[in-house]
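Chains as they are written, first to last, in this note's numbering: chain R, 75 to 425; chain V, 3 to 307.
Here a beta-carbon is modelled for each residue, glycine too, at the ideal position from N, C-alpha and C.
Remarks on the structure that follows.
So this is what it looks like as C-alpha cells:
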C-alpha cells in the first residue's frame, strides 16, 4: 500500500533528521524544546508504526530511543522522555488488562513475598491501546507546556524583599522564577558570568529589563562575594538518580562556596530533567567543545605545546544541594529516588 | 512443639550450611522454616504462627546472627500476608508453600542481580578496600573481572577470626591482585583507595548497616577522606531495627550464640558486629535496585505496614 509505505519512509526521515540535529550540536537547544520534539516524534511512531501488541511497541520505542540517545548522550531529556513513554505504555496496558490501579509495578520486598508468578509479557493485543497511549502522550505534552509556569508560581514563597540572590550562567527557568518574584518583591541579583561562553551576560540583560537590580561578576569572584549572598538559585541540565546535578561548568565551584558559607542552594528544574542514571562513569556525561573559547587559534605558537580542554558540564554532588524546586513542588535531594520511581519503571532504567 | 521437630529443624539448617558454603544463612533459615511448615500438622493459622515463633527462637539459639533473625521475621511476615488473603487453612497452606518456593528461587538470583548493578561502578584501574569475608562482594568482584576490568583490592585482616585471609584466598583464585592489611592500617591506606565496598549482615530501617566489627571505623575514615562507601546486600537482610548508636544494637546480635549462653558478664566479651550510620554510606546495592540510604526505610515500610 503506497500510503503506508510513504508514511513509513517519511517517519524514518523525520527520525533521521532529529538524530542528525542532536548529533550536530551547534546551537544549544532548549531542553524543553528537545523534550517536546522527542515526544512528538514518539507519538508519530506510535500512531504510524507497524505494531499490534504492547510488547512489540515497547521494543520499537526502545530501539528508536537507543538510537536517539546514542546520538547525543549528554542530552538526557531524550532518554527521559522515551522512558516516560514506556511507562505510559505499561500503565495503559495494565489498565486494559484489568490489573488494579494500586498494584505496584516496582520491585519491593512486599512484592517479592506476595507475588504468585513471574512478570507478565505484554503479549495480549488490545485495539484501544493505540488511542489510549496517544491520549496519554498528549497529556504529557500539555504537562510539558506548563512546567516553567508551575515553577515560577512558587517564587514568592522562596524570595523575600531585600534579599541578595546569586545565580550562574543563563537558565530560562531561573529567569522566569526571578521575573515572577520581581513583580511583587524588590531584591538584588548577582550573576556569575560563567566563562568561557559568558551566558551570564545575557541573563543579566534580560533581568535588568524587568527592573531587577543586577550585577555581573567573573567566576573568580564567586567565593569573595558569597558572604553577602542570602540564597543561590541555579538551573541545571540534568538531575541524576542520587540527587546530584550535571550543570553548566562552574556550578560546582558555586555550590562549594555556598556550602562553606552555609548559604542555601536552590535548584529550579522541571521533572523531565530527572534521569535515572547514576554518576558511575563520569566520562559518559562529559561533553567537550572546541577549546577556541578558552585559548583562541590566534595563539598558534603555544598551541603545539599544551593541551586545552573546554568541558561544558560540571558534576555537583547531592550533599551541596538544599532544595529542588520542580513543577510538582519542592523536594529534598534525598527524596529524588522516590520521584524517580513514580516517573519511570525500573526495567527501563537501562534503555 | 515436640523436641524432635525442633531437632529436625536444627539439623536441616545445619545441613544447608554444610552442603552449600555459599548460601546466605538467612536463606538457609528460610529454607529450614519452609520445610518445617510443610511438616506442620496444625489446623489453624494461630497455631502455625506460634509454632513458627518457637522454631525461629530455636534457630536463633543455634546461630544468633542478624541475618537469621531478619530471615525469620520475613518468613513470619510472609505467612501473615498470605493468611490475610485466604481464609481456608488448607488452601492457604498450599499457597504458602508454593509462594515460599518461588521466593527461594527469586532470592537465589539476587546475588547476580546485585553484581550486575554494582560492577559498572568499579572503574578500570580502581583500588578497592573491603572488609572481612562477604560472598556478595566476592560475586560483584567476579562480575567486574568478567567484564574485563583491571583493579586491585585491599582486604582488612578482620580479627578475631581472620576472615580477611579467607577473602584474600578467594580473590587470588580469581587472579585479582590483593593485599591483606591490618585492621589498624585502614586510616593509613585510605588515601590510596578509590572506593570502599563492603557487604552487610543486616540493613536497618534508618538505612545504616550492621556488619563485622571494624566496618564503622572504615566508614568514618572513608567519609573523612571523601571516598565513596558502597554497601552490597540482598533485600532479605532488611531488618526492623532502628539503632541510634552502638548501644542500641541488641546483645543477642553482638555476641555468638554460645557466648550468650555461657558467659557470666557480657561487658567483658568482645562484640562481633557494629553499626554504621546512614550518613556515612553513599549507596546501597540491593536486588531491589540501587538505593540511597533514605530509600531503605521506604522499602521496609511498604513491607511491614
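Quickly, what does DSSP pair residue 91 of chain R with across the bridge? List them, please. DSSP lists no partner for residue 91 of chain R.
What is the rounded straight-line gap between the Cα of residue 167 of chain V and the Cα of residue 22 of chain V? Pairing residue 167 of chain V with residue 22 of chain V, the inter-Cα distance amounts to about 20 Å.
Please decide whether residue 236 of chain R counts as near chain V, where near means a Cβ-Cβ distance under 8 Å. At a cut-off of 8 Å between beta carbons, residue 236 of chain R makes no contact with chain V.
Counting only Cβ pairs nearer than 8 Å, list the residues of chain V close to residue 412 of chain R. Chain V residues near residue 412 of chain R: 297, 300.
With H, G and I counted as helix, E and B as strand and the rest as coil, what does DSSP make of residue 120 of chain R? Look at residue 120 of chain R here: in three-state DSSP terms it is helix.
Supposed contact pair residue 394 of chain R and residue 314 of chain R - C-beta distance, whole angstroms, cut 8 Å: About 13 Å separates the beta carbon of residue 314 of chain R from that of residue 394 of chain R, a gap too long to meet the 8 Å contact definition.
Mind checking who residue 231 of chain V pairs with in its DSSP beta bridge? Beta-bridge annotation (DSSP): residue 231 of chain V is paired with V/198.
Identify the residues that DSSP records as bridge partners of residue 114 of chain V: which are they? Bridge pairing for residue 114 of chain V: absent [DSSP].
Alpha-carbon spacing of residue 339 of chain R relative to residue 305 of chain R, whole angstroms: Cα to Cα, residue 339 of chain R sits roughly 6 Å from residue 305 of chain R.
Hey, does residue 291 of chain V have any beta-carbon neighbour from chain R nearer than 8 Å? Yes, its Cβ sits closer than 8 Å to a Cβ of chain R.
Drop a sphere of 10 angstroms on the beta-carbon of residue 175 of chain R, count the other beta-carbons inside from all chains shown, and report buried for 16 or more, exposed for fewer. In this prediction, residue 175 of chain R has a pLDDT of 45, which is less than 50 and means its spatial position is unreliable; what the coordinates show is noted afterwards. Classification of residue 175 of chain R: exposed, given that the 10 Å Cβ count is below 16.
Residues sharing a beta bridge with residue 226 of chain R, DSSP: Per DSSP, none; premise fails for residue 226 of chain R.
Put residue 202 of chain R into one of helix, strand or coil per three-state DSSP. If DSSP states are grouped into helix, strand and coil, residue 202 of chain R belongs with coil.
Kindly list, in the order they appear in chain V, the residues whose Cβ is closer than 7 Å to that of residue 352 of chain R. Chain V residues near residue 352 of chain R: 292.
Short CB-CB distance (under 8 Å) between residue 285 of chain V and chain R: A Cβ of chain R is located within less than 8 Å of the beta carbon of residue 285 of chain V.
Between residue 401 of chain R and chain V, is the shortest Cβ-Cβ distance under 8 Å, so that the two count as touching? Taking 8 Å as the CB threshold, residue 401 of chain R stays off the interface with chain V.
Coil, strand or helix - residue 400 of chain R by DSSP: Looking at residue 400 of chain R - three-state DSSP - the assignment turns out to be strand.
Taking just the CA atoms, how far does residue 212 of chain R sit from residue 299 of chain R? Cα to Cα, residue 299 of chain R sits roughly 46 Å from residue 212 of chain R.
Rounded to a whole number of angstroms, what is the C-alpha to C-alpha distance between residue 204 of chain V and residue 410 of chain R? Just so you know, the alpha carbons of residue 204 of chain V and residue 410 of chain R end up roughly 24 Å apart.
Fully enclosed by the region 290-338 of chain R, which alpha helix (DSSP H) runs are 4 residues long or longer? Whole alpha helix (DSSP H) segments, 4+ residues: 296-299, 325-334.
Are residue 392 of chain R and residue 247 of chain R touching if we call contact CB-CB under 8 Å? Annotated as distal: residue 392 of chain R and residue 247 of chain R, with beta-carbon spacing of 8 Å or more.
Between residue 286 of chain V and residue 293 of chain V, what straight-line distance do the alpha-carbon atoms span, to the nearest angstrom? Each residue's CA atom was taken as its position, placing residue 286 of chain V and residue 293 of chain V some 5 Å apart.
Relative to the alpha-carbon of residue 290 of chain V, which residue among R/108, R/115, R/421 has its alpha-carbon at the smallest distance? Ranking R/108, R/115, R/421 by Cα distance to residue 290 of chain V puts R/421 first.
Simplified DSSP state of residue 214 of chain R, which is helix, strand or coil: For residue 214 of chain R, the secondary structure class from DSSP, reduced to helix, strand or coil, is helix.
Taking 8 Å as the limit between beta carbons, can you name the residues of its chain near residue 254 of chain R, skipping five residues before and five after? Leaving aside the five residues that flank residue 254 of chain R on each side, the residues in its chain whose CB is nearer than 8 Å to its CB run, in chain order, 226, 227, 229, 230.
Have a look at residue 387 of chain R and residue 328 of chain R and give me their C-alpha separation to the nearest angstrom. Straight through space, the alpha carbons of residue 328 of chain R and residue 387 of chain R are spaced by roughly 13 Å.
Return no unless some Cβ of chain R is closer than 8 Å to the Cβ of residue 30 of chain V. Chain R contact via Cβ: absent.
Interface flag, residue 420 of chain R vs chain V, CB-CB below 8 Å: Answer yes: the Cβ-Cβ gap between residue 420 of chain R and chain V drops below 8 Å somewhere.
Mind checking who residue 240 of chain R pairs with in its DSSP beta bridge? DSSP lists R/264, R/306 as partners of residue 240 of chain R.
So, for residue 191 of chain V: in the same chain, excluding its five sequence neighbours on each side, which residues have a beta-carbon less than 7 Å away from its beta-carbon? For residue 191 of chain V, where only same-chain residues beyond five positions count, the Cβ hits under 7 Å are 131, 156, 183.
Would the beta-carbon of residue 96 of chain R fall within 8 Å of that of residue 145 of chain R? Yes. Within cutoff.
Residue 275 of chain V by DSSP, collapsed to three states: which one? Three-state DSSP puts residue 275 of chain V in a strand.
Going along chain V, which residues have a C-beta under 7 Å from residue 408 of chain R? The CB of residue 408 of chain R comes closer than 7 Å to the CB of 294, 296 in chain V, given here in chain order.
Output, in chain order, the set of chain V residues within a Cβ distance shorter than 9 Å of residue 316 of chain R. Here the neighbours are 284, 285, 292, 294.
For the candidate residues R/157, R/148, R/282, whose alpha-carbon lies nearest to that of residue 321 of chain R? Across the set R/157, R/148, R/282, the C-alpha of R/148 shows the shortest separation from the C-alpha of residue 321 of chain R.
If you run the structure through DSSP and keep just helix, strand and coil, what is residue 175 of chain R? Note that residue 175 of chain R has pLDDT 45, beneath the 50 cutoff, so the model's placement of it is unreliable and the number below is only indicative. Annotated three-state conformation of residue 175 of chain R is coil, per DSSP.
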